[in-house]
Each structure stands twice: as structure tokens, then as C-alpha cells.
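Here it is in C-alpha cells:
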């Protein structure tokens, strides 16, 4: 079974974002970029499936400008076999991404597509589900456990209040939650090898997908800062303040 | 055109997140229809019919929808949604699971996790884990939206007497099946809906010590949460996690006990009305966002607080 | 406890703009290696360093190591971290591909090593020593020795140690007493070695000791010392560790810093004699050690950069968080707003950047000298390497003392309290001016072998190159003052050189008496030179709209700061140098 993993280049988890002074967007000029953490978990899961014998090949795909090849290389260093970059100038909206991925899925015919549940930039949490709908495939979102069982897969999902396990017929879509696995550190020899693994570049036109805007970004602003309050000296003072000042007790 | 709201429920009770979503939808248009899709969920439809502002309840009672499977539910919602200007759901794990499928089936985009409605087609939503707020305009004829419940007040659960219409289509994609679930059993309110949340961090030292917080929460009728550090340390299960990667809460009072206040944690609770921080480290960053800061040993302060309330 | 984040922007700036990494790779036969790959390697190493090694740093300091019946027990958690490190292939960066190494340039290994050393210096000493042992065997050992030991040392499966010092033979290795008696295909080694870093531990299933010892018929003094491989466990027929060799750690030292790095007293041959194998030819051991000296000493210089960076990061975090001032409206502000705290932080930041620049530029000379195709080129780079090495080791480690001192100072009273982590960096740094040749030894090397021996030629070439940067700065309107400052420092360097060449012959104490000032002068001058180049490169990038403007603008400021606050120290050094040895040598020993 082939596994396709979609990954996204996003701002590094540790970088604090700054809103541009003209409120047009956040300032991403020259900030450190990295593989989206949820996507890293997706790569790890796919590689583990391969290591366990459940998967035969791991193909990683990313959509964006040439720079996103860096993240594909990272995924290759973590153990993916080959990469596909779909070259676009900007990062397309989720539905466009899903449509591009659907075309890749038609070409590659993977048994499982694994994606991060959301990217830490737009925080949309949409692409995997949209891909599922476009392909009419079942989905196991927010996965904390993935077990291949013959021609189906059991996915345990992190849902409000607990865990839910679904059985999905393959081919299927999985989106990862944080606790699905702990991604490995890339090994030096694998980083070196990743340079030589195949990486195809395609365009949306190659795939016959026309990108369309569904939303317009009007403004990006910084959230209201919360001001530090006061120190209380004792539990008694705290209770007094909560009762008489904040009036929440 | 009317607005279709997807009710959150467990086949027996209507979940409060629906009420917050109704409030958000009110700001997008006047005519609100509430879809209750499930199995044996007539009681939910009845409750839904009395929610203030709702003019019609659609009841799709069918085994295919009993477990809220996204594959089936999305087909139903997309079919019904064609005739609406907005299709709106709470940004719960159920809403997040099903709505993007609906959007894709309708060939429209989705606007996720909105925190404010500026106009019928324009919304605010947090991006970058709440470190920026985007104002986004939808260009689609049907707007598919999920709503962050904590950003909107709950609509009154009574006051209306809407009609309940059964809708017939039963979609069963036949590709997914429910196997099992493991729900945390608790008499406490759900984290995201509780008016009081008592959260603990690594400072608690171990899972047993969370009993201190539980008894404080019980006294206040609140829920118990945790920081990611406490979850990662194995003190408590992940569904208790408050933060960027866990639950987003905005209660009336949030107690942060033994939590240092990593930015990822703040992202999950900074919209709380009043934040109380108890920590023995007076340099802890949590004190920079807390309304009331108590520098104290939590093992003394928490029992004292509980006994004096 | 403090977190560590790799300063990837500065490391990449130095590699790109000062070292010219892509050109270096292309010109020296590092096919397939380029900056993009280097950047990916640094990113991944940075993760392992920050997330796995750095959190163990304070634990190692608190818990240290224990000597038990099993031998030395390292700090809990180190074994797992080491295995992760080795499995990640990080021990194999530099070694030849023939022995399962990755064959990467020394300068890239240096940039990666900075991460390990910053994250956890006590831990990082273990692979650093292994790397040294690998080089010794690779350069001088027989093919059989190489095939037997290198692959597993390169993979990190086994670690290596260097056994030079004895109770009576420290700086003066001619006094070595450990004996090696020929016995069939091997030798029996008897004697005691001290100060053996990571001499024993339980992290791997074998440790390969490289030991200096004397053969029975060896000539006296430095020409009678041979080098031996002595494995902790003798290898069986399949090459796996078998019988325990007659070598053991008999004591571990209690130290001021690097508590997690076991400093062992090693005893060889308590029973029948430890079995050892000769490396290369007899009596050439010390000469072999010298071939590795540049790398080893530069490696310690790099530790100075690393500990300074870590101390700076801790101090910066503290300065941003510590509220200790009150605004008019009653709100409080952090101490980073105070000018004197700024001065300290700027001094730390600016000096650390200059140190990193020199460490990487020096490390690149190892690649250029070792790989240059053209003989003249090779000689030129070898001379520069030899010249820079004592400056890299001596100046950087001396300056790292001041930086870690400032780090503690920024923390105020809390700096004296262990829990901030600042004190650990201060203590850990202290070894750096001592081991691998003290500051005094480095300074003597610089004035003696590296200057007087070649009549100041190597230094003259360096000074001429610095002159080019002076000219470039002076031509640029925005850098005229920096250009002038560098020119004054350059003149101080020229004067110091001339004074030394003129006075060393007449006054036998002159060179030794001024040597440390001489070395420090050239350290600051090299720092000013590289920071001047950095400013020029940063401005060029800014003008072209390339790179991160915030980082580049900050670089302009750190370069200016260096020029204004640190470069003038060259003049003070010169003043002292010009006074010669008189007051240093005047007292009789009784008068002390």
C-alpha cells in the first residue's frame, strides 16, 4: 500500500508572529520557516507504517513556492521515499489545496492519505476533510491511533470528552492530532540521502486545476493584550477581591 | 435566505455549544433553522424548538446519523444546505469534522472558528494560535462557517416554539463505521462550557494531586483542566488540556494553579473573564496575564481557598 | 534552568558571508555539499541539541557522576541521550566515508559542534574526545587498526579517550613514565594517567583509550614517547568486546564545573599489564599528537563560543523578564531597559558574534589547508591555520570568562544562586582556559613557533589582509569611524609585531612576558576585522533587499559596538607590551 502525506511549510513554532503595521497580514519576511508540526506527525506515522510493513512507499507532497522543497527534503530525511512539489506563487486556500491533492491522489492511487489536522498558521482544520469529500473517501480526523486491518483501518480520534474509534474502508484519509506519535529526529545520514531522493515539480495547470478564491482577507490585527492585574497577599484577600471587586463569586 | 445551524447533541440532550452558535448566526441573518441529525433524537429536536430565535427545526432521525459520521452527515447537510445563505456549526470536534466536507461538496470555502460577525459575509477569526486576528470576507454564495462558542453568549434555551419538520433523506456512504468510544466520565461540566475552570500544571507534581483541584472545582461547580506540561508529564489525560493544541476556554473565572503560563497555554484561556493565578514562582509568566496573582505554595493555598469558600 | 536555542541566523551568516561556504565546498572537493544542506543539518542538530541535550545540562551539573563497582556511572539520562545522538549519526560528521563517516567539511562540523557544546558541554566532551581519537587512528594507525576500531568509533557505538597527562607530566609531556613492554603482537601497558575526560562510563559497550607511553629502549624526553590503542574490553574473534582489559578508572575528580563529564584517574596494568597496540611507528607518539593539535585546540576555542552563547541567552531571558524598575504611572519595567544592563548584554552579544566568526573562519582553514590542490595555496592556508589556532583557543576562551561573568552579573543576586543556571555556565567555562594547553601555552605558541620562528611572516600576511578590510570600511561613508578604529587597532598589531621581533633576541624573558597581551591584542584585532567584514556584508545585503533586515541591522550595531567597546583594548595591550618584561621579572622569588 502506498501512503501519500501532504505537508505544509509554515512559520516555525517558536517564532512569535508580528502583524504588519498596515494590518494587511502578518509579517513573514525572512522569518524562520519549518515543517508544520502536525504534518511532521503525519510523516512520522507514514514512515512507521512503512517500517511495520503495512505500507510499501511513502510519497510526500507540498504545495507552494520553491522554498517548500526544503520541507519536502525534511520529510524525505525523516524517511519518506519521494517528493512532489506543486508549484504555486502563494499558498492556496484549503479547497484549492484539496482539489490539487485530489488530482495527485488520482495519479498516485495511495491506500491512505495522511495530513496534519491543521496548519499552525491559518488554523483552518479543513483540508483533509475536504479531500475526503472530493474523493468520496472516509476520513479519520484528529487521529491518536491508526491501525491498518486488512482492507480497512481503525482510527482512534480525539473528540470532545474523550476518544472515539472508527473503522474506515480503505482507501481513506487520516488527519493527525498531537498525540498520534512523537516524531523522530532526523538522522544525519538520512539528511544527506534526502538530497538524492526524487522530487518532481508540477504546476496546478499540469493537474488541470484552476485555483479560485473563496475568501478575501480584509485585515489582520493584533489581539487585545491582556494587562497584568494585581498581586494579592493571601487567600482571604483573593476571596474578597473575587467577591467584591470582580463579583464573580 | 435562511441560515441553517447544525445542532450539537448526543441524541438525548442539546449541547450548549449550539446556543452560542445560534447567537452568532443571529448576527448573520434573521431566519434561523436548526438541523438535528441523529438517531432517536426527537427529544433534542423538541429542546431545539424552544431555543430563542429559532424559527424551524429540521429533524433527520436515522441510524446513518446516529454517530455523527462525517461521511454520512456531510451528504445530508450539503443537500439541505443548497437552499441556505449560511450553514453554521459549532467549532466542536463534530463540527470541525463534518463541515469542511460540506463545504467541499458545495464547492465553497469554509470560514473556521469565527469569533465575531462583522457583516453577513464578513467575520473575524483567530490565526496563528490567536496571535493575530483575521477579518475575512466570504466570496461564496453559501457561507459555511464554524463558530467558536466561547466568543458568543449563549442564546436563551427557551422562548421560542418553532415547528419541527422531519426531513427524509438518509445518506449512508457505507465507508465508515463506529467501533467504540471511551468518554471521560465526570459529573463536572464540560471544560469549554463551564463557568469556572480550575487548571493545574506541572507544579502539581503528580496526577493524584489533581484531587486538590477537583475538590475546589466541585465546590464551585466548575471543570478541571490542565496545561500541556501536566498532560505531557502523564498527570492527566489529554482531553483535559487547555491551550493552543487543546481546548479553548473562556469561563467567568479561570484558576491557573501551578501553571507557569507558556504562550501556548495562554492561547487557550486568555479570553477568560477573570484569571486567578496561584504559583510559588513569582517570576512565572502567568502572573503577567492574571487579574489576581497569589504567590504561594499551591498545596497550602488551594485547600485554604476551598475551605474558606 | 535555562533553555537553549541555536542562533542559526548568526551561524548561517558567518558560514555564508565570512567563510564563503559554497565556494569552500566547490574549491575543495566537497561535491554534493552546499549551504542548503548545511542549513538543513544545522536545523536538525539544533532540534536535538535544544530538546534532548540542553535539558540534561542542569541535571548533569546537579547530579554529576559516581564511581561504583561497575566503574563510572554517568548522570542518569545521559546514556539514552547518547544513544539518540549516536543513532542519529552525529558522531560521524567529519570522518571519511571509508569508515562510515559523512566526510563533511570541518567548518560545518564546527558549526554543528557549537550546538552540542552550547546545549550541554559536559556531554559534548565525550563525542569531541572520540572525534580526536578517531583522527589519531585514521591519520597514523595501520590499516588493521583502522578497520578494527574506526567504524564503531565513527558510528558512536564505542567512544574514545585521550590519555596524555600523568601526575608528573602535564604541560611537560617529556616526563611521561607509563611503560609499554612488547609482548608478541601487542604491548603490555603499565602506569597511571590523570585528567582523562570521559575515561570511563556505561553509555557504550566499549571505550577505546589512546595512551602515550614509553617503550623500554626509548630515548629520553619527547622523542621517546609512543602512542597505543588500549581498548577497555579486548575484542574477540568477531571483533566484539570480550574480555575486560587490565585498565580501570580508580578515581574521579571533584571539579569546579562540567560535573557530568567524568574526569578520571586511569590505572593501566594493575595486574598483568593492559594490552595495547602501537599506533604508527614507535617513538612518534608526541609528533602524532601535534598533528591533531590544531583541531583539538580550535575545538576548545569553540567551546568558549558555545558557553558564551548559552550564558548570553540565559542572561537575555532574565533581563527581559526581571521587573525591577518602576515607571511614573506605577507600572514596572524589565531590567533590559537599564543602560548598564544593555552594556553588559551588548558586550556579550557582540563579543560572542566576533568569537563565532573567528572560530568558524579558523575552522575553515583546516579544510583549506587539508584539501588545497595547489601547493602554495596549501602552505598559505596551513600557515594561517597555525597562526589562528592559538588565537582561537587563547583569546576566545579568555573572553568567554568575561562573558559568562557578565552573564552572572546581569542576573544580579539571582546570578549567584544556582537555580538560574547562570552560575553553571560561569563555572563550566572556567576549564576552557586551562585544558588543551593553558592560555599561557597558547600565547607562547603564538609568539614563539607562530611568530618568531617565521620572523613574523605569517602575522604580516594576516595584517595585510586586515588592511584590506580597513580600506573597504574607510571607503564606505557609513563605516568611516569603524574603519578608523580598525586602522588604529591594526597599527597596534603592527607595532606589537615589530616590537616582538626587535626585542625577543635581546631579552630572553620578553616574549614570554608579553605573550598573553600579544595574543589578546591579536584576538581583539581579528574580532574587529571579522566584525568589520560582517558590517560590510550586512550592509550589502540590506542594500540589495536580501536577508532578514532585523538581523542584519542588529549586526551593524554589534559591529559598531565591537569597534567602540572592545577593539580599543588592543591599544591597552600594546602599551603594556611596549613595557616589556622589566617589572614582571624584577622581583626575586623571595620578594613574592
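Chains as they are written, first to last, in the UniProt record's numbering: chain W, 1 to 249; chain D, 1 to 309; chain X, 1 to 592.
Built from N, CA and C at the ideal position, the CB exists for glycine as well.
Quantities reported herein were computed from a predicted structural model and do not represent experimental measurements.
CB of residue i within 8 Å of CB of residue j, strictly
i                      : j                      : result
residue 162 of chain W : residue 239 of chain D : yes
residue 111 of chain W : residue 188 of chain W : no
residue 259 of chain D : residue 201 of chain D : yes
residue 143 of chain D : residue 85 of chain D  : yes
residue 255 of chain D : residue 278 of chain D : yes
residue 100 of chain X : residue 185 of chain W : no
residue 161 of chain X : residue 227 of chain X : no
residue 80 of chain D  : residue 167 of chain D : yes
residue 105 of chain X : residue 195 of chain X : no
residue 272 of chain D : residue 285 of chain D : no
residue 226 of chain D : residue 241 of chain D : yes
residue 115 of chain X : residue 49 of chain X  : yes
residue 431 of chain X : residue 258 of chain X : yes
Length of the line joining the Cα atoms of residue i and residue j
i                      : j                      : result
residue 91 of chain W  : residue 276 of chain D : 40 Å
residue 100 of chain W : residue 127 of chain W : 11 Å
residue 225 of chain X : residue 383 of chain X : 26 Å
residue 73 of chain X  : residue 112 of chain X : 27 Å
residue 109 of chain W : residue 138 of chain W : 15 Å
residue 112 of chain D : residue 126 of chain D : 9 Å
residue 230 of chain D : residue 281 of chain D : 17 Å
residue 574 of chain X : residue 271 of chain X : 56 Å
residue 213 of chain D : residue 199 of chain D : 7 Å
residue 230 of chain X : residue 209 of chain D : 53 Å
residue 367 of chain X : residue 300 of chain X : 18 Å
residue 103 of chain D : residue 110 of chain D : 6 Å
residue 245 of chain D : residue 245 of chain X : 53 Å
residue 263 of chain X : residue 411 of chain X : 30 Å
residue 310 of chain D : residue 92 of chain D  : Not covered by the structure: residue 310 of chain D. The range shown for chain D is 1 to 309.
residue 100 of chain D : residue 141 of chain D : 16 Å
residue 311 of chain X : residue 37 of chain D  : 60 Å
residue 45 of chain W  : residue 118 of chain W : 16 Å
residue 106 of chain D : residue 24 of chain D  : 22 Å
Supposed close pair residue i, residue j - CB separation, criterion 8 Å
i                      : j                      : result
residue 318 of chain X : residue 420 of chain X : 7 Å
residue 90 of chain D  : residue 11 of chain D  : At roughly 16 Å, the Cβ-Cβ gap does not stay under 8 Å, so residue 90 of chain D and residue 11 of chain D are not in contact.
residue 474 of chain X : residue 18 of chain X  : Not a contact, Cβ separation roughly 20 Å.
residue 585 of chain X : residue 511 of chain X : Residue 585 of chain X to residue 511 of chain X, Cβ: 12 Å. No contact.
residue 402 of chain X : residue 439 of chain X : The pair is not a contact, with the Cβ atoms about 13 Å apart (cut-off 8 Å).
residue 463 of chain X : residue 494 of chain X : 6 Å
Exposure of residue i, with buried meaning 16 or more beta-carbon neighbours within 10 Å
i                      : result
residue 203 of chain X : buried
residue 222 of chain W : exposed
residue 178 of chain X : buried
residue 28 of chain X  : buried
residue 392 of chain X : buried
residue 10 of chain X  : buried
residue 116 of chain W : buried
residue 417 of chain X : exposed
residue 314 of chain X : buried
Under 9 Å, CB to CB, which of the residues in the segment 128-147 of chain W have a partner in chain D? 128, 129, 130, 131, 132, 133, 134, 136, 137, 138, 139, 140, 141, 142 and 144
Closer than 7 Å between beta carbons: that is the criterion. Which residues of the segment 227-248 of chain D meet it against chain W? 238, 239 and 245
Where the segment 138-152 of chain X meets chain W: residues whose CB sits under 9 Å from a CB there: none
Contacting positions in the segment 50-79 of chain D - beta carbon closer than 7 Å to chain W: 70, 71 and 74
Near-chain D residues of the segment 232-246 of chain W - C-beta to any C-beta below 9 Å: 232, 233, 234, 235, 236, 237, 238, 239, 241, 242, 245 and 246
Note down, in chain order, all residues in the segment 72-94 of chain X with a beta-carbon under 8 Å from any beta-carbon belonging to chain W. 84, 87, 88, 89, 90, 92 and 93
So if I threshold CB-CB distances at 7 Å, which residues from the segment 175-197 of chain W count as touching chain X? 185, 186, 187, 188, 189, 191, 192 and 195
Of the residues that make up the segment 21-52 of chain D, which ones have a beta carbon closer than 7 Å to any beta carbon in chain W? none
Taking Cβ-Cβ distances below 7 Å as the criterion, which residues of the segment 39-62 of chain X are in contact with chain W? 40, 41, 44, 47 and 48
May I ask you to list, following chain order, the residues of the segment 10-43 of chain W that have a beta carbon less than 9 Å from some beta carbon of chain X? 14, 29, 30, 31, 32 and 34
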